[in-house]
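See below for the structure under consideration.
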Amino acid sequence: MAKTPDKSRDVHSFFAEDPERADKEFFGRVANPDRRGFLKNTGLATMAAMVGTSIPFSGNMPIGFVPAAMAQDNVLVGKDGLTLLNDRPVNAETPPELLDDAITPTSRHFVRNNGIPPEDVDPATWTLTIDGLVDSPMELSIADLKAQFEVVTMALTLECGGNGRGFFNPPAKGNQWTYGAVGCSEWTGVRLKDVLEQAGIQSNVVYTAHYGADTHLSGDPEKLPISRGMPIAKAMTDNILIAFEMNGEALHPLNGAPLRLVVPGWPASTAQKWLTRIQLRDVVHDGPKMTGKAYRVPNRAVEPGEKVEKKDFVIIERMPVKSLVTFPANGADVGLESEVRGHAWSGDRTVEKLEVSIDFGATWQDAALDVPVNSGAWQNWRTNVAFPQAGYYEVWARATDSEGTMQPFAIDWNPKGYLNNTMHRVGLRVS
Ligand SMILES: Nc1nc2c(c(=O)[nH]1)N[C@H]1C(S)=C(S)[C@@H](COP(=O)(O)O)O[C@H]1N2
Ligand SMILES: [Mo]
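For the sequence shown, our numbering begins at 2 and goes up steadily by one.
Structure follows, in structure tokens:
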């Protein structure tokens with residue numbers, strides 16, 4: 002008997018072993034007499050998302066055919082230039098210079114999985130349940146969402162709470178993210194707020210609980226990889242989407258296809274992928290990764306390496322003010338004059354000022370800073386710098402937000418390595 006393939010792990014060997022079966026399971030493509038594969042719409046959408054664009058001649062592809070673009074990387078199909086930190090579960094970040102676009106292309110949006118993504122996903126039969134303390138529980142298809150609620154498109158920043166963990170000393174366990182567990186793609190969907198309002202939020206509701214269709218690494222069907230939530234007041238913010246499109250196409254399978262939450266400004270762990278259910282509760286949610294020390298920080302400054310008791314941890318809410326230099330790349334050779342540019346963001350706030358230093362922080366110059374294209378989007382900035390002579394320089398960038406909070410040069414250590422918003426430094430050789 003054929004063993005169950007772990008598609009998330011090795012797409013290519015699965016196709017090599019049993020191309021017809023792989024084709025059927027991945028894309029729902031079944032052989033017909035002339036051996037041309039007929040792709041159903043959903044399979045075609047999946048394949049298009051994986052290669053990053055539509056496939057005009059898809060009808061000519063033979064059965065068991067693996068698009069060459071998919072062979073490049075077994076687990077990061079449809080992603081471009083990401084650094085793989087872990088392949089089970091898949092975790093991959095984007096080098097800062099690949100985040101240069103104002104809107105992050107799907108191929109460059111980071112991936113943070115806690116478990117194994119669902120297989121054989123069919124957007125046509127997918128449903129979202131809204132239940133718990135609501136007046137009328139609902140079960141909605143994606144077509145229902147589109148028909149019953151206003152469909153909106155917004156640029157929204159998602160950043161993993163552990164972005165920057167790799168710079169903590171003593172090191173924190175977990176994915177050693179550097180800078181690139183952040184992105185700002187354009188998401189299309191309906192407002193979470195509108196859907197919850199329609200269900201009727203009961204007066205005792207304090208928290209949401211989010212559930213997805215991914216499975217636990219152990220294979221135990223009773224266990225969930227992650228189920229987080231947020232205070233009901235946050236859930237009612239009008240920039241939180243239940244999204245079915247990313248950059249105008251179906252969601253990428255690794256980014257939650259066919260349906261996910263997008264919650265800008267808070268740890269992206271609240272943005273449940275492969276979303277199947279939202280439950281309203283009268284107590285703080287207690288799902289996996291909500292309790293203990295997960296996505297929590299000490300309620301006070303602690304010494305590096307200090308042991309902190311569970312009771313002294315608080316749930317992370319908004320993400321702190323932060324910026325990235327996306328051009329030039331770290332290590333680049335530049336001339337005596339160069340443009341420097343990047344993005345800046347601050348959870349639930351706007352960034353009001355972005356400054357750049359080329360002399361290790363002695364002096365700072367203001368960069369031109371765009372307003373966000375909509376609430377929840379990062380802000381693009383740029384400036385020209387003139388280096389006085391050839392040699393090694395570092396470009397440092399620091400953002401200051403609407404509450405006057407500035408990015409620090411160094412931050413307090415915390416046991417799980419969250420919320421590292423220290424300044425981004427880029428080393429350059431000027432000649
Ligand atoms: N169902 C589900 N949703 C999830 C996760 C997950 O593992 N399973 N990971 C969360 C975490 S920790 C982050 S940072 C974001 C990452 O979103 P992305 O992979 O689309 O970049 O998804 C969140 N939603
Ligand atoms: Mo995360």
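Cβ coordinates follow ideal geometry from the N, Cα and C atoms, glycine included.
None of the values given here were measured: they were computed from a predicted structure.
Identified DSSP bridge partners for residue i
{"i": "V183", "result": "E160"}
{"i": "V298", "result": "V315"}
{"i": "M139", "result": "I131"}
{"i": "G343", "result": "V326 and W382"}
{"i": "W397", "result": "S358 and R426"}
{"i": "V335", "result": "V431"}
{"i": "L83", "result": "Beta-bridge pairing links L83 to no other residue."}
{"i": "A210", "result": "Q280"}
{"i": "M320", "result": "Paired residue(s): none; M320 is not in a bridge."}
{"i": "G405", "result": "Answer is none; G405 lacks a bridge partner."}
{"i": "N262", "result": "The sequence as given places Leu at residue 262; Asn does not occur at that position. L262 is bridged to I243."}
{"i": "I117", "result": "T216"}
{"i": "R350", "result": "S347"}
{"i": "A387", "result": "E338"}
{"i": "G392", "result": "V431"}
{"i": "E304", "result": "None; E304 has no bridge partner."}
{"i": "P268", "result": "E160"}
Backbone secondary structure at residue i - three-state DSSP
{"i": "R22", "result": "helix"}
{"i": "N92", "result": "strand"}
{"i": "R166", "result": "helix"}
{"i": "G190", "result": "strand"}
{"i": "Q203", "result": "coil"}
{"i": "M51", "result": "helix"}
{"i": "D195", "result": "helix"}
{"i": "I359", "result": "coil"}
{"i": "Q366", "result": "strand"}
{"i": "P416", "result": "coil"}
{"i": "D145", "result": "helix"}
{"i": "F28", "result": "helix"}
{"i": "R109", "result": "helix"}
{"i": "T126", "result": "coil"}
{"i": "A234", "result": "helix"}
{"i": "L255", "result": "helix"}
{"i": "T292", "result": "coil"}
{"i": "E310", "result": "coil"}
{"i": "Q73", "result": "Summary for Q73: the model assigns pLDDT 48, below 50, so the residue's position carries little reliability, and this model does not support an answer."}
{"i": "A46", "result": "helix"}
{"i": "P97", "result": "helix"}
{"i": "T154", "result": "strand"}
Cβ-Cβ distance between residue i and residue j below 8 Å
{"i": "G181", "j": "L85", "result": "no"}
{"i": "L262", "j": "I241", "result": "yes"}
{"i": "P299", "j": "V309", "result": "yes"}
{"i": "S358", "j": "G343", "result": "no"}
{"i": "W414", "j": "P321", "result": "no"}
{"i": "I227", "j": "P289", "result": "yes"}
{"i": "R297", "j": "I316", "result": "yes"}
{"i": "N421", "j": "F111", "result": "no"}
{"i": "T384", "j": "A368", "result": "yes"}
{"i": "V335", "j": "Q380", "result": "no"}
{"i": "E187", "j": "N114", "result": "no"}
{"i": "Y208", "j": "R282", "result": "yes"}
{"i": "V122", "j": "A258", "result": "yes"}
{"i": "H211", "j": "Q149", "result": "no"}
{"i": "T423", "j": "G165", "result": "yes"}
{"i": "A49", "j": "E246", "result": "no"}
Expected contact under 8 Å - CB spacing of residue i and residue j to nearest Å
{"i": "P118", "j": "D215", "result": "5 Å"}
{"i": "V191", "j": "E151", "result": "7 Å"}
{"i": "P265", "j": "L157", "result": "4 Å"}
{"i": "W178", "j": "E94", "result": "6 Å"}
{"i": "R430", "j": "Y393", "result": "6 Å"}
{"i": "G175", "j": "G418", "result": "6 Å"}
{"i": "D132", "j": "Q203", "result": "Contact doesn't hold; Cβ gap of about 11 Å is too wide."}
{"i": "T154", "j": "T189", "result": "4 Å"}
{"i": "S347", "j": "D402", "result": "4 Å"}
{"i": "L355", "j": "A398", "result": "7 Å"}
{"i": "K194", "j": "T128", "result": "The Cβ separation is near 20 Å, so there is no contact."}
{"i": "V206", "j": "L276", "result": "In fact, because the Cβ distance is near 19 Å, the residues do not count as touching under 8 Å."}
{"i": "G79", "j": "M62", "result": "With a Cβ gap of about 16 Å, G79 and M62 do not count as contacting."}
{"i": "A395", "j": "F361", "result": "The residue asked about is misnamed: residue 395 is Glu in this sequence, not Ala. The pair is a contact, with the Cβ atoms about 6 Å apart (cut-off 8 Å)."}
{"i": "E18", "j": "G65", "result": "About 10 Å; that fails the 8 Å criterion."}
beta-carbon residue i near ligand 4 non-hydrogen atom, thresh 7 Å
{"i": "G165", "result": "Among the ligands modelled here, namely ligand 1 and ligand 2, ligand 4 does not occur."}
Legend entry - Chain-ordered residues, beta carbon under 6 Å from a heavy atom of ligand 1: H110, F111, V112, R113, N114, N115, G116, L159, C161, G213, D215, P226, I227, N256, G257, A269, S270, A272, Q273, K274 and W275
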